[in-house]
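Quick notes on the structure that follows.
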Amino acid sequence: MATQILSIESTRAISREFDVTFLHHVATGIASAAPLRDLLTHVLEFASSAAQCDSCFIYVLEGDELTLRASKNAHPDIVDRLKLKLGQGITGWVAEHKQPVAIAQNAYSDHRFRLFNELPEDRFEAFLSVPVLSRERVVGAINLQNRAPYFYSDREIKLVSSIGLLVGAQIEMARLESENSHLSNQLETRKLVERAKGILQHDLKISEQEAYVRLQRQSQQNRMPLRDVANAVILSQALREKAR
820 MATQILSIES
830 TRAISREFDV
840 TFLHHVATGI
850 ASAAPLRDLL
860 THVLEFASSA
870 AQCDSCFIYV
880 LEGDELTLRA
890 SKNAHPDIVD
900 RLKLKLGQGI
910 TGWVAEHKQP
920 VAIAQNAYSD
930 HRFRLFNELP
940 EDRFEAFLSV
950 PVLSRERVVG
960 AINLQNRAPY
970 FYSDREIKLV
980 SSIGLLVGAQ
990 IEMARLESEN
1000 SHLSNQLETR
1010 KLVERAKGIL
1020 QHDLKISEQE
1030 AYVRLQRQSQ
1040 QNRMPLRDVA
1050 NAVILSQALR
1060 EKAR
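Every number in my numbering is 819 more than the matching position in the sequence shown, counting from 1.
Laid out in structure tokens, this is it:
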């Protein structure tokens, strides 16, 4: 009997040691990942290692919508496009209430469930969703799913939830940096387009609107970003002036 108790205690000690080591590994890996895309890739790896799963999704809160930003399985048509309102579906409920939800089987029968035909995972049996938090503010959700019924243990739920707590601030910071970078690129593109329009107006004696339409047409016909077309116009003028 004493040997059995000792064996149970040893097993628990090993499990606790693994959990601490795992979470330390998560924290170390997350701290070194700055760009949002790289950061979410790390989170996918850690969450998939924390509990058995056939699928893992990460949703990031942007405004009042949760956007699917990363997936363990390839879904190029819906990643960055699929959006949920807070409170919508199981994931939206988790984000709204800041509480995990674990369903061992028939997840699609849950009254909070919402079906997306583009996601084969929506027909999986088991579902675990945990909130991603930063200073008690929700910034996203991590979802794990299994094809067959699967009972998520308390340990697995706590591990995945801990990941959600550890990465929340980093995801929020990376998202803000990504948004700032996007806004900066938009501003730079606007400046280049304005400059290119001025060149076309001067060279072709056309209106500002006509110049913009020409830039747009070139962008569509050559399947090039408007910024690249504007850059080409500016470069062409610079070469002409240099040749004079």
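Ideal placement from N, C-alpha and C gives every residue a C-beta, glycine not left out. For clarity, every value in this text was computed on a predicted model and none was experimentally measured.
Sequence-distant partners of Thr910 (beyond 5 residues in either direction) whose C-beta falls short of 7 Å from its own C-beta, in its chain, are Tyr878, Leu885, Leu903, Ser948, Ala960, Asn962. Three or more Cβ pairs drawn from the segment 961-981 and the segment 864-875 lie within less than 8 Å of each other, which places the two stretches in contact.
Of the residues Ser928, Pro939, Gln924, Arg1036, the one whose Cα lies closest to the Cα of Ser890 is Pro939.
For Leu947, the beta-bridge partners assigned by DSSP are Ala921, Leu963. For Ile877, the uninterrupted beta strand (DSSP E) segment begins and ends at 874-881. Taken through DSSP and simplified to helix, strand or coil, Ala893 comes out as coil.
Rounded to the nearest angstrom, the gap between the Cα atoms of Asp899 and Ala1015 is 31 Å.
By the CB criterion at 9 Å, Ile1025 and Leu858 fall outside the cutoff. By the Cβ-count criterion, Phe946 is buried, with 16 or more other Cβ atoms from all chains shown falling within 10 Å of its own Cβ. Per DSSP, Leu903 is one residue of the beta strand (DSSP E) stretching across 902-904. About 55 Å separates the beta carbons of Val979 and Ala1057, which is beyond the 8 Å limit, so they are not a contact pair. A distance below 7 Å between beta-carbons, with the five flanking residues on each side excluded, links Arg942 to the following residues of its chain, in chain order: Tyr927. The closest CA to that of His894, considering only Phe970, Gly882, Ala923, Asn936, is found on Asn936. The alpha-carbon of Tyr1031 is positioned some 48 Å away from that of Ile982. The Cβ-Cβ distance between Ser1038 and Val1052 does not fall below 9 Å. Only residues of its own chain outside the window of five on either side were considered, and among them Leu1011 have a CB closer than 7 Å to the CB of Asn1050, listed in chain order. Cβ-Cβ separation between Glu944 and Pro968: approximately 5 Å, consistent with a contact (criterion under 8 Å). Boundaries for Leu938: no alpha helix (DSSP H) harbours it, and the DSSP string shows neither H nor E there. Nearest neighbour of Pro950 by Cα position, chosen from His861, Thr1008, Lys917, turns out to be Lys917.
Judged by DSSP secondary structure, Asp857 falls within the alpha helix (DSSP H) whose first and last residues are 855-869. When DSSP states are grouped into helix, strand and coil, Val1012 belongs to the helix group. With a cutoff of 9 Å on beta-carbon distance, Val958 and Leu1006 are scored as not near each other. Taking all protein chains in view, the Cβ of Arg888 is crowded by 16 or more other Cβ atoms within 10 Å, so the residue is classified as buried. When the Cα atoms are used, Met992 and Trp912 turn out to be separated by approximately 24 Å. Look at Ser1038 here: in three-state DSSP terms it is helix. For Val913, the enclosing alpha helix (DSSP H) covers residues 908-916.
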